[in-house]
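Undergrad: So that we are looking at the same thing, I have put the structure below in structure tokens.
There are 4 protein chains.
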Amino acid sequence: MPDVQARGVENAFKLTKVGVTGVTKPVSVKRPGRAVTLTATFDVFVDLPAHQRGSHLSRNLEAIGEVVDDSVRDPVPGLEDLAATIARSLLDRHAYATRSHVRVTADYFLEKTTPMGRRSLERYGLVAEADGDRGGSPEVRRRIGVRVVGMTACPCAMETIREETGETGPLPTITHNQRNITTLVLEEPEGHGVEADDLVAIVESSMSAPTFEILKRPDEGRLVRLAHENPRFVEDVVREVLSRLVKTYARLPDGVSVSVRSESEESIHKHNAVAERVTTLGELRA
Amino acid sequence: MPDVQARGVENAFKLTKVGVTGVTKPVSVKRPGRAVTLTATFDVFVDLPAHQRGSHLSRNLEAIGEVVDDSVRDPVPGLEDLAATIARSLLDRHAYATRSHVRVTADYFLEKTTPMGRRSLERYGLVAEADGDRGGSPEVRRRIGVRVVGMTACPCAMETIREETGETGPLPTITHNQRNITTLVLEEPEGHGVEADDLVAIVESSMSAPTFEILKRPDEGRLVRLAHENPRFVEDVVREVLSRLVKTYARLPDGVSVSVRSESEESIHKHNAVAERVTTLGELRA
Amino acid sequence: MPDVQARGVENAFKLTKVGVTGVTKPVSVKRPGRAVTLTATFDVFVDLPAHQRGSHLSRNLEAIGEVVDDSVRDPVPGLEDLAATIARSLLDRHAYATRSHVRVTADYFLEKTTPMGRRSLERYGLVAEADGDRGGSPEVRRRIGVRVVGMTACPCAMETIREETGETGPLPTITHNQRNITTLVLEEPEGHGVEADDLVAIVESSMSAPTFEILKRPDEGRLVRLAHENPRFVEDVVREVLSRLVKTYARLPDGVSVSVRSESEESIHKHNAVAERVTTLGELRA
Amino acid sequence: MPDVQARGVENAFKLTKVGVTGVTKPVSVKRPGRAVTLTATFDVFVDLPAHQRGSHLSRNLEAIGEVVDDSVRDPVPGLEDLAATIARSLLDRHAYATRSHVRVTADYFLEKTTPMGRRSLERYGLVAEADGDRGGSPEVRRRIGVRVVGMTACPCAMETIREETGETGPLPTITHNQRNITTLVLEEPEGHGVEADDLVAIVESSMSAPTFEILKRPDEGRLVRLAHENPRFVEDVVREVLSRLVKTYARLPDGVSVSVRSESEESIHKHNAVAERVTTLGELRA
Numbered sequence: 001m002p003d004v005q006a007r008g009v010e011n012a013f014k015l016t017k018v019g020v021t022g023v024t025k026p027v028s029v030k031r032p033g034r035a036v037t038l039t040a041t042f043d044v045f046v047d048l049p050a051h052q053r054g055s056h057l058s059r060n061l062e063a064i065g066e067v068v069d070d071s072v073r074d075p076v077p078g079l080e081d082l083a084a085t086i087a088r089s090l091l092d093r094h095a096y097a098t099r100s101h102v103r104v105t106a107d108y109f110l111e112k113t114t115p116m117g118r119r120s121l122e123r124y125g126l127v128a129e130a131d132g133d134r135g136g137s138p139e140v141r142r143r144i145g146v147r148v149v150g151m152t153a154c155p156c157a158m159e160t161i162r163e164e165t166g167e168t169g170p171l172p173t174i175t176h177n178q179r180n181i182t183t184l185v186l187e188e189p190e191g192h193g194v195e196a197d198d199l200v201a202i203v204e205s206s207m208s209a210p211t212f213e214i215l216k217r218p219d220e221g222r223l224v225r226l227a228h229e230n231p232r233f234v235e236d237v238v239r240e241v242l243s244r245l246v247k248t249y250a251r252l253p254d255g256v257s258v259s260v261r262s263e264s265e266e267s268i269h270k271h272n273a274v275a276e277r278v279t280t281l282g283e284l285r286a
Numbered sequence: 001m002p003d004v005q006a007r008g009v010e011n012a013f014k015l016t017k018v019g020v021t022g023v024t025k026p027v028s029v030k031r032p033g034r035a036v037t038l039t040a041t042f043d044v045f046v047d048l049p050a051h052q053r054g055s056h057l058s059r060n061l062e063a064i065g066e067v068v069d070d071s072v073r074d075p076v077p078g079l080e081d082l083a084a085t086i087a088r089s090l091l092d093r094h095a096y097a098t099r100s101h102v103r104v105t106a107d108y109f110l111e112k113t114t115p116m117g118r119r120s121l122e123r124y125g126l127v128a129e130a131d132g133d134r135g136g137s138p139e140v141r142r143r144i145g146v147r148v149v150g151m152t153a154c155p156c157a158m159e160t161i162r163e164e165t166g167e168t169g170p171l172p173t174i175t176h177n178q179r180n181i182t183t184l185v186l187e188e189p190e191g192h193g194v195e196a197d198d199l200v201a202i203v204e205s206s207m208s209a210p211t212f213e214i215l216k217r218p219d220e221g222r223l224v225r226l227a228h229e230n231p232r233f234v235e236d237v238v239r240e241v242l243s244r245l246v247k248t249y250a251r252l253p254d255g256v257s258v259s260v261r262s263e264s265e266e267s268i269h270k271h272n273a274v275a276e277r278v279t280t281l282g283e284l285r286a
Numbered sequence: 001m002p003d004v005q006a007r008g009v010e011n012a013f014k015l016t017k018v019g020v021t022g023v024t025k026p027v028s029v030k031r032p033g034r035a036v037t038l039t040a041t042f043d044v045f046v047d048l049p050a051h052q053r054g055s056h057l058s059r060n061l062e063a064i065g066e067v068v069d070d071s072v073r074d075p076v077p078g079l080e081d082l083a084a085t086i087a088r089s090l091l092d093r094h095a096y097a098t099r100s101h102v103r104v105t106a107d108y109f110l111e112k113t114t115p116m117g118r119r120s121l122e123r124y125g126l127v128a129e130a131d132g133d134r135g136g137s138p139e140v141r142r143r144i145g146v147r148v149v150g151m152t153a154c155p156c157a158m159e160t161i162r163e164e165t166g167e168t169g170p171l172p173t174i175t176h177n178q179r180n181i182t183t184l185v186l187e188e189p190e191g192h193g194v195e196a197d198d199l200v201a202i203v204e205s206s207m208s209a210p211t212f213e214i215l216k217r218p219d220e221g222r223l224v225r226l227a228h229e230n231p232r233f234v235e236d237v238v239r240e241v242l243s244r245l246v247k248t249y250a251r252l253p254d255g256v257s258v259s260v261r262s263e264s265e266e267s268i269h270k271h272n273a274v275a276e277r278v279t280t281l282g283e284l285r286a
Numbered sequence: 001m002p003d004v005q006a007r008g009v010e011n012a013f014k015l016t017k018v019g020v021t022g023v024t025k026p027v028s029v030k031r032p033g034r035a036v037t038l039t040a041t042f043d044v045f046v047d048l049p050a051h052q053r054g055s056h057l058s059r060n061l062e063a064i065g066e067v068v069d070d071s072v073r074d075p076v077p078g079l080e081d082l083a084a085t086i087a088r089s090l091l092d093r094h095a096y097a098t099r100s101h102v103r104v105t106a107d108y109f110l111e112k113t114t115p116m117g118r119r120s121l122e123r124y125g126l127v128a129e130a131d132g133d134r135g136g137s138p139e140v141r142r143r144i145g146v147r148v149v150g151m152t153a154c155p156c157a158m159e160t161i162r163e164e165t166g167e168t169g170p171l172p173t174i175t176h177n178q179r180n181i182t183t184l185v186l187e188e189p190e191g192h193g194v195e196a197d198d199l200v201a202i203v204e205s206s207m208s209a210p211t212f213e214i215l216k217r218p219d220e221g222r223l224v225r226l227a228h229e230n231p232r233f234v235e236d237v238v239r240e241v242l243s244r245l246v247k248t249y250a251r252l253p254d255g256v257s258v259s260v261r262s263e264s265e266e267s268i269h270k271h272n273a274v275a276e277r278v279t280t281l282g283e284l285r286a
């Protein structure tokens, strides 16, 4: 059977990426002392040279299927390792490609403790990425990231009201607060391990307060006070995350890429507020 | 050309509704002293008897297209009138149908004034529905609704903190507050007019505070105080809307259907809180 | 601490439902010979009498948390059993409520075999619902449903082209085909078991063809032929599902509720086509 | 009142971008012989130096509000001009910023003619972007883009079936076809005009066939034949767009950025297929 994809092309332009999006599979991931099953969604791509008409997309699905099947027998250490394995496999399966890109997202659960000591299973998002570069050094770069929902209380409205009223009471002043979604993605260089749970802890402690799925009244009161004692703009959240990253990952090299984005679903506006920094550890240390 | 849709069917079950969703068109609507263009999305359906294989879906598009074209020349009084005209047209075009259903949604803008007197163009959602019933009396029932984004401040956390601290200061006590989305849909019987702008006003004044797209600091302070002086559960918002409805629409008959739903995107939780009432004006008056 | 929620209310209207949406947790479900972990999303509600200001929303989270925790130790037979347990627990925890409603959705995976015999892990959606009715008989009604992505090929365009060209070849005639999403929800009465996998099989075989995540060329050709040999309107898909349901579930009582909805993301239109039937097994048997 | 945003910061990291997302407003845009009202959604950002605590977000809303208000009196030539004006205004209003970024999206409607000559109002998406660079040359770069929904028919399955059956009939062979969404964004340098309608025409003619909201049977048959006579991979669609761009915009300079992305919602898979090229006109001409 002739290879339709391998035929010469009329408009011989190379393509930056060709692949599939929205492939969802259960994967098994090792956690301290256990294995967890995550429902992971994959987007995978390779580049395409000018002379090749089409990319063999079924090979992408084979690459994903193989690592997913393997994870059932032997849980992967992390989603970023899974992404890296697929990125490598894509270069093997697409001989014409020089680059590959893999992105995996999944919901992820951690048991947390409320201020009053109650246990609550909380939802977080995981994001893992890997970029393959044939003949590059390293051949595959991988990143691991987390998406955390928390709370921000606005420092500006709080100060406005304090000034207007001259309030000097023992309690923090009222302000608007809201749901905040902050994402942190960190490159994980060869030979270095980065724990997603540590990234969750960094982000969660950088907001005005964490959120919990179950709160009885004393816990609710504590959280509201905590948030008002730590009023934060989205800008503050991003900088706090950057500061904690620099301290926590002193052992990682300068070239490591970092991306932090914080979005507040403003309670006094119909729109959202966003702050973002895309950089390297080296730039942050300068 | 034989009519494939009209053929006898193997599995002769009638169908509750058959139609198209996600048809988007610009429509022209009359407002006091002007006409506005809205980008409206239509879902339209008819029922199908057991003996008819398929519904002629292109007739649904003709029904929509005709009223949209007409609105360019002669702006419609309201989206619910447009929905009613389409519901009637669907019964005309589908001789085999006994019921029709039309739902139209659109973004809608009103100029509002902030507490400090600044003008701000605010976004709301419109929802119009019409149900056709061949031979019914009336043949078409229509409903008009609004979707409003505002703010709720939690009464419970406020009281918890007040009790724990014994606070008795002049300012309201801190609490969590968040983005709230409340929808109100009201039947609009023949011969009675219901203004969407009035529904917006009812919903917006039933929340802890309205939201605005643009707020300088004194306005922001005022809104935050307003929200904390009117702490509301989602339950309170729904009941406040119901109470205002009963007072405002004393002239409407008992049979008029009412639906109110309020959802708070909780700032201290990762989930949302929801309250809803589906009823009639008569039941509310009892 | 006074119970803010239990206070008398200014606008004493009862509420149809009050609760929380978007609570996501991992749950463990028994499958033949194994247990699978699903990432499930819960919406849970109770009604609220006129004299009660607020519903104690944290009790909803306790009800969810308890069954989720229990499932880790003892996997539940199905999501609908989990929903029913929560619906019962909600009535226990909210003494003022007379009704409860629970909806759970999750992605779910089954190993399927392509026409050429290749194994492929395919994604489906599960939907489980339970309605509690204090003092009712039964006190809790539960439903189990599936969401299946497949393919429909249009019978009408195929016939149009055949007529225009007088084509009488051995191969089916060209037509437009597209991604179709069909949902089937069936009540599962006390003492009767309904297997989600059977519902998946019923829906999947009612479309023009199933879809697979991985297809090499011979499989792709087979599927395309299969779809063109079974051209189906959305109306046909719904009726085919209804017909198979009646045959498969002869043992279930007449009162059992049935809901089937099929949506084709039309390839020749920008909108979707939808057909739906909401009924009971008794009506279908008449 | 002290400027909270202007205060010194604890973690003095600069931020890549700070701003607001999801601001929706009606804007008036000039079209040949008329003005149309679009419901536009804005995301706007500036960068933030290390020494400035917060960005004054209300200034972003003032920048948007001003150009939107002006457009009512004097419709803008295009969304990209609106974006450029806002990008310039952001640099004026945020003295500490060196960069600004604006993204505007809107639904947009064009009257098209079906193969059989029927008029149909079709929906497209507009995307306009502008990047401000204080002291840069030019100070603001703007891009205009379109999002088009059309149809692709798979060349590979068609050939597989033709080979297996030895079919040599006059009609094209059956294959799978599906909804395709292709986006083209082109930089529009100072002194050069790019018409969004031309971009729509380029993309629409690069797919296997266009789609229409209303099709009677002869039109439906024609479109299905057209699609099967032009089977296209997503790779083919992107290259066809690139080829037409190079021919159509010979007058534009080499540095002009180009981005094309085509996504097919596969009818035989549950996932999507995607191809993309990000480049410059100069690279395409090489």
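These protein sequence lines map, in sequence, to chains D, L, G and A.
So the first sequence is numbered by the numbering used here: it starts at 1 and just counts up by one.
So the second sequence is numbered by the numbering used here: it starts at 1 and just counts up by one.
So the third sequence is numbered by the numbering used here: it starts at 1 and just counts up by one.
So the fourth sequence is numbered by the numbering used here: it starts at 1 and just counts up by one.
For each residue, glycine too, the CB sits at the ideal point set by N, CA and C.
Please state whether DSSP places residue 276 of chain D in a helix, a strand or coil.
TA: Note: residue 276 of chain D maps to strand in three-state DSSP.
Undergrad: Take the Cβ of residue 247 of chain A as the centre, count every other Cβ of all protein chains shown within 10 Å, and call the residue buried at 16 or more, exposed below.
TA: With fewer than 16 Cβ atoms within 10 Å of its Cβ, residue 247 of chain A is classed as exposed.
Undergrad: Which residue wins for smallest C-alpha separation from residue 215 of chain L, given the options A/141, A/186, A/57 and A/47?
TA: Residue 215 of chain L has its Cα closest to that of A/57, out of A/141, A/186, A/57 and A/47.
Undergrad: Given a cut-off of 9 angstroms on the beta-carbon distance, is the pair residue 43 of chain A and residue 21 of chain A in contact?
TA: Going by C-beta atoms, residue 43 of chain A is nearer than 9 angstroms to residue 21 of chain A.
Undergrad: Taking only runs that begin and end inside the stretch 7-73 of chain A, name each unbroken alpha helix (DSSP H) of 4 or more residues, in chain order.
TA: The qualifying runs are 57-73.
Undergrad: Assess, as a yes-or-no matter, whether the stretch 145-155 of chain D is touched by the stretch 167-184 of chain D under the definition of 3 or more beta carbon pairs within less than 8 angstroms.
TA: Contact between the stretch 167-184 of chain D and the stretch 145-155 of chain D is present, because at least three Cβ pairs lie under 8 angstroms.
Undergrad: Can you pull the chain G residues whose beta carbon is under 9 angstroms from the beta carbon of residue 291 of chain L, in chain order?
TA: Beyond the ends of chain L as shown, which are 1 and 286, falls residue 291 of chain L; an answer cannot be given.
Undergrad: Out of curiosity, what's the CA-to-CA distance linking residue 3 of chain G and residue 158 of chain D?
TA: Residue 3 of chain G and residue 158 of chain D: Cα-Cα distance of roughly 29 angstroms.
Undergrad: Do you know offhand how far residue 275 of chain A's Cα is from residue 17 of chain D's?
TA: When rounded, the distance between both Cα atoms is 6 angstroms.
Undergrad: Quick check: the Cα distance between residue 228 of chain A and residue 49 of chain D, rounded to an integer number of angstroms?
TA: Answer to the nearest angstrom: the Cα atoms are 26 angstroms apart.
Undergrad: Under 8 angstroms: do the stretch 194-205 of chain A and the stretch 92-107 of chain A share three or more Cβ pairs, one atom per stretch?
TA: Result no; under three Cβ-Cβ pairs closer than 8 angstroms.
Undergrad: Flag this pair as yes or no: are the beta carbons of residue 260 of chain L and residue 182 of chain L separated by less than 9 angstroms?
TA: Yes. Within cutoff.
Undergrad: Between which two residues does the alpha helix (DSSP H) containing residue 89 of chain A stretch?
TA: Unbroken alpha helix (DSSP H) run through residue 89 of chain A: 79-93.
Undergrad: Within 9 angstroms (strictly less), CB to CB, does residue 269 of chain D reach chain A?
TA: By this cut-off, residue 269 of chain D is an interface position.
Undergrad: Taking the straight line between their C-alpha atoms, what separation do you get for residue 102 of chain D and residue 128 of chain D?
TA: Whole-angstrom Cα-Cα distance: 8 angstroms.
Undergrad: Out of L/262, L/140 and L/254, state which residue places its alpha-carbon closest to the alpha-carbon of residue 286 of chain L.
TA: Checking every option, the nearest Cα to that of residue 286 of chain L belongs to L/254.
Undergrad: Tell me the rounded alpha-carbon separation between residue 115 of chain D and residue 269 of chain D.
TA: Each residue's Cα considered, the two are about 30 angstroms apart.
Undergrad: Residue 25 of chain A touches chain L at which residues, Cβ-Cβ below 9 angstroms?
TA: Within chain L, the residues near residue 25 of chain A are 109, 121, 123 and 213.
Undergrad: Please classify residue 218 of chain A: does DSSP put it in a helix, a strand, or coil?
TA: Helix.
Undergrad: Return the CA-CA distance between residue 169 of chain G and residue 109 of chain A, expressed in angstroms with no decimal places.
TA: Approximately 41 angstroms, taken between the alpha carbons.
Undergrad: Tell me whether residue 192 of chain A is buried or exposed, calling it buried when 16 or more other Cβ atoms sit within 10 Å of its Cβ.
TA: When all chains shown are included, residue 192 of chain A counts as exposed.
Undergrad: Report the three-state DSSP secondary structure of residue 129 of chain A (helix, strand or coil).
TA: Strand, per DSSP.
Undergrad: Taking three-plus beta-carbon pairs below 8 angstroms as touching, is the stretch 28-39 of chain L in contact with the stretch 59-66 of chain L?
TA: Segments in contact, no.
Undergrad: For a cutoff of 9 angstroms on Cβ pairs, would you count residue 237 of chain G as touching chain A?
TA: Not an interface residue.
Undergrad: Excluding sequence positions up to five away, which residues of its chain have a Cβ less than 7 angstroms from the Cβ of residue 204 of chain G?
TA: Excluding positions up to five away in sequence, the list reads 148, 150 and 210.
Undergrad: What in chain L is Cβ-close to residue 61 of chain A, meaning under 7 angstroms?
TA: Residues of chain L passing the Cβ test: 213 and 214.
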